[in-house]
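Notes follow the structure.
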Amino acid sequence: MKHLHSGKVRDLYQTDDGLLLMVASDRLSAFDYVLEPDIPDKGAILTQMSLWWFDQLKDIVPNHIVAKGDEARSVVCRPLKMVAVECVARGYLAGGGLNEYRAGGTVSGVPLPEGLEDGSRLPEPIFTPSTKAPMGHHDEPISYEQVVAEVGAETAEQLRRITLAVYTRGAEIARERGIILADTKIELGWDADGVLTLGDEVLTPDSSRFWPADQWQPGRPQLSFDKQFVRDWLLSPESGWDKTSGNPPPRLPDDVVERTRQRYLEAYERITGAPFSG
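The numbering of the sequence shown is the UniProt record's numbering, which starts it at 1 and goes up by one.
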């Protein structure tokens, strides 16, 4: 097979019949750096979790999956012409959305009520797109009007409708499992017939914020099942790393690696209701 691309987490190959083999590694990225060491089983957990979610969402939007790969971390999929917009939906205020709200009371141009805190539930889920920056650069929030200018009004409306529908379905299922889906990012692209199709991964701890519902408390950073745990450690005095220094982050300690693996594992097993078999 022909190697096409290696991203922060995934490696992409082209098969002899023109399909794609997507392999999820155990690499973990944070603050646009790929960290060391890898998180054991992470790639397989993300792949199996995405496959489960694709099945839950198939009545909302088609997906790119053709078949499972030979390994738990790989899938065979159809090539897509990806949309040049990051499609994000938020039901709670956190991360970059919180920073933007504090600066101007909006997120991606959507005005929000005054008095919201870190972790606050929004009046309703909102579509908060961003640019799709190349590796090493940061995605920047953009307004819906900017999406219209980029892809046209009809496509922009489809992106918003699909993204919010995926978030709503995901949030409903997660809530039944005692988990809050705070926000999620999805990847959409056109298939050979011009149909907007869900690609890459979906509703995993790498593309979403998952919080235990029984420990949700607005006004502080929330406990999470995603890599926010690693981000918090990197920014702590314990890591000794200065994010603004331009230097790469330090190597993750063994206990941080294992606790991160456990968070991914718990997210998978609580949401799917099945034990992870690797």
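Where is the CB? At the ideal position from N, CA and C, for every residue including glycine.
Distance CB(residue i)-CB(residue j) smaller than 8 Å
i	j	result
Ala-174	Leu-181	yes
Lys-185	Cys-87	yes
Lys-227	Thr-272	no
Ala-156	Tyr-144	yes
Tyr-268	Gln-56	no
Thr-128	Gly-170	no
Asp-118	Pro-205	no
Arg-251	Pro-111	no
Asn-63	Leu-198	yes
Val-83	Met-22	no
Pro-253	Tyr-33	no
Arg-270	Ile-179	yes
Backbone CA spacing between residue i and residue j [nearest angstrom]
i	j	result
Glu-114	Ser-120	11 Å
Gly-240	Thr-106	33 Å
Trp-233	Ala-44	24 Å
Pro-275	Gly-69	20 Å
Ser-108	Ala-89	11 Å
Pro-123	Gly-91	8 Å
Leu-203	Thr-244	30 Å
Ser-6	Tyr-13	9 Å
Trp-211	Ile-65	28 Å
residue 280	Leu-19	Lying before the first or after the last residue shown, residue 280 is absent from the chain, which here runs from 1 to 278.
Thr-25	Arg-73	Before going on, a small fix: residue 25 reads as Ser here, not Thr. When rounded, the distance between both Cα atoms is 7 Å.
Gln-262	Gly-152	42 Å
Arg-160	Glu-176	25 Å
Pro-237	Phe-225	22 Å
Ala-103	Arg-27	33 Å
Leu-223	Gly-95	13 Å
Glu-100	Asp-16	46 Å
Asp-200	Phe-54	10 Å
Gly-246	Asp-59	45 Å
Glu-258	Gly-278	16 Å
Asp-11	Gln-146	31 Å
Gln-158	Met-1	34 Å
Val-256	Glu-154	45 Å
Lys-42	Ser-130	26 Å
Glu-172	Asp-193	31 Å
Extent of the continuous beta strand (DSSP E) to which residue i belongs
i	result
Lys-2	2-6
Leu-21	20-24
Asp-183	179-190
Thr-197	196-199
Arg-10	10-14
Cβ-Cβ separation, residue j to residue i (assumed contact under 8 Å), whole Å
i	j	result
Val-9	Ser-29	6 Å
Ser-208	Asp-242	No, Ser-208 and Asp-242 are not in contact; Cβ-Cβ is about 28 Å, not under 8 Å.
Gly-189	Leu-80	3 Å
Val-85	Glu-140	Actually they are not in contact, since the Cβ atoms of Val-85 and Glu-140 sit about 11 Å apart, beyond 8 Å.
Where the alpha helix (DSSP H) containing residue i begins and where it ends
i	result
Leu-164	153-176
Arg-259	254-272
Closer than 7 Å: residue i CB and nearest the ligand MG heavy atom
i	result
Ala-213	What this structure holds is no ligand at all, so the ligand MG is not there to describe.
What alpha helix (DSSP H) runs, 4 residues minimum, are completely inside the stretch 19-60? Counting whole runs of 4 or more residues, the stretch 19-60 contains the alpha helix (DSSP H) stretches 42-57.
To test your reading of the DSSP string, which unbroken alpha helix (DSSP H) runs of 4 or more residues are found completely within the stretch 203-242? Taken in chain order, the whole alpha helix (DSSP H) runs of length 4 or more contained in the stretch 203-242 are 228-234.
With a floor of 3 residues, list each beta strand (DSSP E) that falls wholly inside the stretch 56-124, ordered by position along the chain. 65-68, 74-77, 87-92, all fully within the stretch 56-124.
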